[in-house]
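Residue numbers (the numbering used here): 53 to 486.
Idealized CB from N, CA, C, for every residue including glycine.
These figures come from a predicted structure and were not determined experimentally.
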């Protein structure tokens with residue numbers, strides 16, 4: 053009698069524990085069996101979503117190193133076990149991954165692909181509302197994807213070979229407003245003042261690499277304005293479905309970290325892996341066996357027939373200033389030098405007698421120089437800002453828009469430069485000696 057009473061009390065107060073012991077539903081069993089018959093665990097797309105690589109002596113190993121990315125205890129090395137665990141998790145509301153969401157929402161790309169392959173019945177496998185993902189996607193408002201390549205930055209060892217990331221161009225944006233778009237960036241999480249440790253850990257995978265979503269204007273400020281790096285933009289020719297697949301997987305990678313390797317599994321490598329998810333007919337990452345140099349990946353993308361729709365150039369601030377300096381006459385240069393140091397020149401005849409379009413050019417140029425000086429010389433930034441305010445007030449009194457100033461790049465774009473690995477020789481003459 054006591055045992056029977058305890059049983060009914062357990063049913064009353066612990067229903068969830070008993071439910072967890074229930075056998076898999078017949079529909080889940082059906083899906084698991086169909087996945088085995090279709091050999092979905094061997095499908096290239098499943099391997100792309102889980103970042104599996106063939107091991108030298110057989111088997112698989114995922115490049116993802118975050119245990120929370122896998123739903124099976126053996127998921128890192130067993131594609132079939134991970135697929136079965138994924139299907140099973142879709143029937144549960146248990147929160148998984150670093151983002152702590154139901155599996156359908158944490159791994160939306162897996163869900164959509166398996167639904168497409170196995171034709172889920174919504175009445176038997178109820179789709180869950182993924183409000184966080186939907187809100188993120190709505191904020192991105194994607195229309196196209198652009199690969200961004202800031203040129204090399206010699207003051208930072210991690211950027212000596214350039215960098216690459218993605219920009220999600222929004223619907224209705226133009227070349228002037230896409231600076232407000234968001235980016236998808238992969239980078240190592242490095243503590244400040246890493247010193248010698250930075251080189252060692254960067255080479256041998258001692259840091260964790262994470263994907264992040266950052267506004268493009270912040271990256272432009274960092275690369276173009278502060279580090280004086282030219283930026284090249286490669287708009288891709290993907291379909292809307294391909295864009296959607298890429299973004300679904302980018303969302304999934306918010307649940308993951310990778311061990312960061314400076315030479316191989318770096319920013320450029322993982323950006324290529326995202327493009328392969330968008331279009332699995334592309335074979336990009338397997339072209340790089342020992343080192344993935346960002347400039348080389350750009351060359352590879354441009355070589356893919358029909359992949360790059362448009363190439364744009366965003367000059368570094370120093371490049372812009374150099375080209376503007378070349379565009380003024382000797383007399384204007386003398387006047388410009390005075391203008392930079394003494395705003396009173398604006399009221400004098402030697403400035404006022406210039407044609408209006410040249411006044412506009414010199415005022416715009418002066419503002420560019422003063423903003424650059426303020427950014428690179430913070431100790432005197434207030435003086436530069438005050439002077440620039442005077443320049444801008446004067447400019448505002450001329451109600452004529454500035455003429456477009458095309459900037460010729462100082463160096464070749466990465467796809468037209470020489471190969472990364474190159475050996476050359478030369479000869480010179482000094483003090484009558486060869």
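Closest by CA to residue i, which one among the options?
i           : options            : result
residue 380 : 358, 356, 171, 409 : 409
residue 306 : 148, 426, 391      : 148
residue 442 : 464, 399, 289, 406 : 399
residue 235 : 249, 391, 247, 264 : 264
residue 162 : 373, 420, 448, 304 : 304
residue 461 : 387, 373, 190, 449 : 373
residue 450 : 459, 457, 404      : 404
residue 351 : 376, 128, 200, 123 : 200
residue 302 : 226, 360, 228, 185 : 185
residue 156 : 172, 150, 182, 170 : 182
residue 328 : 314, 315, 354, 297 : 297
residue 196 : 340, 397, 407, 288 : 288
residue 172 : 193, 142, 188, 270 : 142
residue 124 : 140, 109, 458      : 140
residue 280 : 452, 367, 218, 256 : 367
residue 375 : 256, 459, 222      : 459
residue 465 : 378, 346, 452      : 346
residue 313 : 145, 330, 377, 344 : 344
residue 282 : 214, 90, 294       : 214
residue 262 : 463, 321, 338      : 321
Can you name the start and end residues of the alpha helix (DSSP H) that residue i belongs to?
i           : result
residue 394 : It is not in any alpha helix (DSSP H) - residue 394 carries neither H nor E in the DSSP assignment.
residue 268 : 268 to 272
residue 422 : 408 to 428
residue 219 : Residue 219 -> not in any alpha helix (DSSP H); beta strand (DSSP E) instead, spanning 217 to 222.
residue 313 : No alpha helix (DSSP H) contains residue 313, which DSSP labels as neither H nor E.
residue 435 : 433 to 448
residue 99  : 96 to 102
residue 82  : 78 to 89
Check for me: the beta strand (DSSP E) holding residue i runs from which residue to which?
i           : result
residue 236 : 234 to 240
residue 150 : Taken as a continuous stretch (DSSP letters only), residue 150 belongs to no beta strand (DSSP E), as it is neither H nor E.
residue 114 : 112 to 114
residue 399 : Unbroken run through residue 399: none, as it is neither H nor E.
residue 230 : Looking at the DSSP string, residue 230 is not in any beta strand (DSSP E), and its letter there is neither H nor E.
Return the Cβ separation of residue i and residue j in integer angstroms, given the expectation that the two are a contact with Cβ distance under 8 Å.
i           : j           : result
residue 100 : residue 332 : 6 Å
residue 119 : residue 93  : Going by Cβ atoms, the distance from residue 119 to residue 93 rounds to 20 Å, so no, they are not a contact pair.
residue 349 : residue 216 : 6 Å
residue 388 : residue 417 : 7 Å
residue 419 : residue 440 : 6 Å
residue 220 : residue 233 : 6 Å
residue 154 : residue 299 : That belief does not hold up - the Cβ atoms of residue 154 and residue 299 are roughly 19 Å apart, past 8 Å.
residue 223 : residue 241 : About 32 Å; that fails the 8 Å criterion.
residue 230 : residue 268 : 7 Å
residue 392 : residue 421 : 6 Å
residue 178 : residue 83  : About 14 Å; that fails the 8 Å criterion.
residue 237 : residue 255 : The pair is not a contact, with the Cβ atoms about 21 Å apart (cut-off 8 Å).
residue 292 : residue 330 : So it is not a contact: roughly 11 Å between Cβ atoms.
Taking 6 Å as the limit between beta carbons, can you name the residues of its chain near residue i, skipping five residues before and five after?
i           : result
residue 426 : 433, 436, 437
residue 128 : 114, 122
residue 273 : none
residue 73  : In this predicted model, residue 73 has a pLDDT of only 44, less than 50, meaning its place in the structure is not dependable enough to derive any value.
residue 138 : 123, 162
residue 192 : 220, 234
residue 285 : 198, 200, 364
residue 145 : 154
residue 357 : none
residue 79  : 176
Beta-carbon within less than 7 Å of residue i's beta-carbon, same chain only, minus the 5 sequence neighbours each way: which residues are those?
i           : result
residue 115 : 103, 105, 310, 317
residue 277 : 369, 427
residue 97  : 165, 332
residue 308 : 116, 118, 121
residue 424 : 369, 373
residue 385 : none
residue 336 : 324, 327, 328, 352
residue 362 : 287
residue 189 : 299
residue 35  : Since the displayed the chain opens at 53 and closes at 486, residue 35 lies outside it and no answer follows.
To which residues of the same chain is residue i closer than 8 Å at the C-beta, ignoring the five residues directly before and after it?
i           : result
residue 431 : none
residue 468 : none
residue 227 : 364
Where in the stretch 322 to 395 do unbroken runs of the beta strand (DSSP E), each at least 3 residues long, occur, reported from the N-terminal end onward? 360 to 366
Which runs of the alpha helix (DSSP H) spanning at least 4 residues fall entirely within the stretch 120 to 207, listed in chain order? If we require 4 residues or more, the alpha helix (DSSP H) runs fully inside the stretch 120 to 207 come out as 131 to 141, 155 to 158, 160 to 170, 183 to 192.
Which runs of the beta strand (DSSP E) at least 3 residues long sit entirely within the stretch 238 to 309? Give them in chain order. Every unbroken stretch of the beta strand (DSSP E) spanning 3 or more residues and falling wholly within the stretch 238 to 309 is given here in chain order: 259 to 267, 283 to 288.
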